[in-house]
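Number of protein chains: 2
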Amino acid sequence: MIRLAILLSGRGSNFQAIHDAIAAGRLDATIVCVISNVPEAPGLARARELGLSSHSIDQRAYSTRPAHEEEVLRVLAEAQPDFICLAGYMRLLTPAFVAAYPSRILNIHPSLLPAFPGVNAQAQAVEYGAKVSGCTVHFVDQNLDAGPILVQRTVEVRDDDTAESLAARILEQEHIAYVDVLRKLSRGDYRIEGRRVLFGLTVNGARGENGLP
Amino acid sequence: MIRLAILLSGRGSNFQAIHDAIAAGRLDATIVCVISNVPEAPGLARARELGLSSHSIDQRAYSTRPAHEEEVLRVLAEAQPDFICLAGYMRLLTPAFVAAYPSRILNIHPSLLPAFPGVNAQAQAVEYGAKVSGCTVHFVDQNLDAGPILVQRTVEVRDDDTAESLAARILEQEHIAYVDVLRKLSRGDYRIEGRRVLFGLTVNGARGENGLP
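As given, the protein sequences belong to chains X and L, one line each in that order.
All residue numbers for the first sequence refer to this note's numbering, where the first residue is 1317 and numbers rise by one.
All residue numbers for the second sequence refer to this note's numbering, where the first residue is 1317 and numbers rise by one.
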């Protein structure tokens, strides 16, 4: 069973998807804390309803980013998570924060990275005229939307798509992707080589996930 | 029936795939000329075997790029193609060449653009740790690997992939993608809005390709 911390700033639909997967027995994990930098985030209210350890750490109450992060790190240190899941956490992490949890902070981005990093990825994809987009779950490193990739799922960009309609279909895939990644991580059977995250290669010397047993 | 010119520098496997689709009645097109800048290109020999109008225009015989292109453009002007298909043509086109055939020159690139432009796209994808790559057929404009996209097809990047094994699986999808694009273009039912290439939207006001008739 892996211990998960969730950081969110909004509705936290990926948080809800992770919770649902745990509740349904599809993911062997426990959510040890939910932290929001936005007190009124609907995802934080939902975490309280669910009886989870919930922490409002209002960024406006801290004069500097490191001061705010210090409090977040203090809560995390108490909760002892194996992995920290960013789920719509709209605040950049400092290099010091990232360094405190190397290869243990996950983020999800609504494009097939390295295409369309940064904000409004879905609108970027539509405007670029991409025929395929999707989502990426990656480890967070010092650079924006650039850490090693765990999973990508694709979504067709349709001729009549707007940024909004594409975002809605990508979001469905985000929920699947995030749970999929955590299930893989919960099995512990992965390793990082350069930028590549490889799964299921160590079981009896045979390939696990993607090939025949 | 659309008239196609093929420009190639090597084996021309995409040229062969296009030829096969025409021969099998899967594509309503005719290849009006095959041009290579490399006299010994296997694809050019194959074009001769097939009895196609074949032109070796050795780039080493011309002192400047425009001088070489002038001869290529002369052959094209005689052949009167509707579309010019780059099929492993390893030579950059000048802006003047591109301007002579606006939205009528096609290229295929072995990645999901805008990810991994330029050379060795398959190796780039493997080294980046992408979990999904693929291929892109796009119109050629003044910028490298940047014109409006017609079709993209995806390929899973496997944990045990090398650049070579990934390239082989992408190549299979390239053959499908290039024929697919030409089939769509042969129906004439497309338009370009900004960077977006939209298909099948004009038939009876209903969506054609991607929706119900």
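Built from N, CA and C at the ideal position, the CB exists for glycine as well.
Local Cβ density within 10 Å of residue i, reported as buried at 16 or more and exposed below that
{"i": "ASN1459(X)", "result": "exposed"}
{"i": "PRO1529(L)", "result": "Bear in mind that the predicted position of PRO1529(L) carries a pLDDT of just 32, short of 50, making it unreliable; the figure below should be weighed with that in mind. By the neighbour-count rule (16 or more Cβ atoms within 10 Å), PRO1529(L) is not buried but exposed."}
{"i": "THR1478(L)", "result": "exposed"}
{"i": "GLY1328(X)", "result": "buried"}
{"i": "ASN1520(L)", "result": "Here ASN1520(L) scores only 46 on pLDDT, less than 50, and its place in the model is too uncertain to base an answer on."}
{"i": "PRO1418(X)", "result": "exposed"}
{"i": "ALA1363(L)", "result": "buried"}
{"i": "GLY1367(X)", "result": "exposed"}
{"i": "GLY1445(L)", "result": "buried"}
{"i": "ARG1390(X)", "result": "exposed"}
{"i": "ALA1415(X)", "result": "exposed"}
{"i": "ARG1376(X)", "result": "exposed"}
{"i": "ALA1340(X)", "result": "exposed"}
{"i": "GLU1509(X)", "result": "exposed"}
{"i": "VAL1388(X)", "result": "buried"}
{"i": "GLY1527(X)", "result": "For GLY1527(X), the pLDDT reaches just 34, beneath the cut-off of 50, and the residue's location in the model is therefore unreliable, although a value from the coordinates is still provided. Exposed, by the Cβ-count rule."}
Sub-9 angstroms separation of residue i and residue j beta-carbons
{"i": "VAL1513(L)", "j": "TYR1506(L)", "result": "yes"}
{"i": "ALA1321(L)", "j": "ILE1347(L)", "result": "yes"}
{"i": "ASP1374(L)", "j": "GLY1516(X)", "result": "no"}
{"i": "LEU1360(L)", "j": "LEU1324(L)", "result": "yes"}
{"i": "LEU1402(X)", "j": "VAL1471(X)", "result": "no"}
{"i": "ASN1330(X)", "j": "GLY1434(X)", "result": "no"}
{"i": "ASP1461(L)", "j": "PRO1411(L)", "result": "no"}
{"i": "GLU1480(X)", "j": "ALA1333(X)", "result": "no"}
{"i": "ARG1511(L)", "j": "LEU1343(L)", "result": "no"}
{"i": "GLY1326(L)", "j": "PRO1358(L)", "result": "yes"}
{"i": "PHE1399(L)", "j": "ARG1319(L)", "result": "yes"}
{"i": "VAL1473(X)", "j": "ALA1441(X)", "result": "yes"}
{"i": "HIS1371(X)", "j": "TYR1378(X)", "result": "no"}
Identified DSSP bridge partners for residue i
{"i": "ARG1319(L)", "result": "THR1346(L)"}
{"i": "GLY1450(X)", "result": "THR1470(X)"}
{"i": "LEU1392(L)", "result": "None, per the DSSP bridge assignment."}
{"i": "HIS1425(X)", "result": "THR1452(X)"}
{"i": "HIS1371(L)", "result": "ILE1351(L)"}
{"i": "TYR1506(L)", "result": "PHE1515(L)"}
{"i": "PHE1399(X)", "result": "LEU1320(X)"}
{"i": "ILE1465(X)", "result": "HIS1454(X) and ARG1512(X)"}
Distance cut-off 8 angstroms: residue i Cβ against heavy atoms of the ligand MG
{"i": "VAL1354(X)", "result": "This structure simply doesn't include the ligand MG, nor any ligand for that matter."}
**OP:** May I ask you to verify whether the region 1459-1478 of chain L touches the region 1475-1492 of chain X, counting CB pairs closer than 8 angstroms and requiring at least 3?
**Re:** Too few Cβ pairs lie closer than 8 angstroms, so no.
**OP:** Indicate whether the contact test is met: 3 or more Cβ pairs, each with one atom in the region 1415-1426 of chain X and one in the region 1451-1459 of chain X, closer than 8 angstroms.
**Re:** Segment contact: the region 1415-1426 of chain X against the region 1451-1459 of chain X, three or more CB-CB distances shorter than 8 angstroms; contact assigned.
**OP:** Check each residue of the region 1465-1482 of chain X: if its Cβ is closer than 9 angstroms to any Cβ of chain L, include it; give the result in chain order.
**Re:** Listed by position, the residues of the region 1465-1482 of chain X near chain L (Cβ gap below 9 angstroms) are ILE1465, LEU1466, VAL1467, GLN1468, ARG1469, THR1470, GLU1472, VAL1473, ARG1474, ASP1475 and ASP1476.
Original post:
What residues from the region 1492-1507 of chain X come within 8 angstroms of chain L, judged by C-beta to C-beta, listed N to C?
Top reply: Taking 8 angstroms as the Cβ-Cβ cut-off, the region 1492-1507 of chain X has no residue approaching chain L.
Original post:
Within the chosen definition, does the region 1348-1364 of chain X reach the region 1393-1406 of chain X through at least 3 CB pairs nearer than 8 angstroms?
Top reply: Segment contact: the region 1348-1364 of chain X against the region 1393-1406 of chain X, three or more CB-CB distances shorter than 8 angstroms; contact assigned.
Original post:
the region 1417-1448 of chain L: which residues have C-beta closer than 7 angstroms to a C-beta of chain X, in chain order?
Top reply: Cβ contacts with chain X: LEU1428, PRO1430, ALA1431, GLU1443, TYR1444, GLY1445, ALA1446, LYS1447 and VAL1448.
Subject >> Residues, ordered as in the chain, of the region 1318-1331 of chain L that lie near chain X by beta-carbon distance below 7 angstroms >> reply: Answer in chain order: no residues at all.
Subject >> Contact list for the region 1390-1408 of chain X against chain L, Cβ threshold 9 angstroms >> reply: Of all residues in the region 1390-1408 of chain X, none is placed with a Cβ closer than 9 angstroms to any Cβ belonging to chain L.
**OP:** Please list the residues of the region 1364-1379 of chain X that have a C-beta atom closer than 8 angstroms to any C-beta atom in chain L, keeping them in chain order.
**Re:** Flagged: no residues at all.
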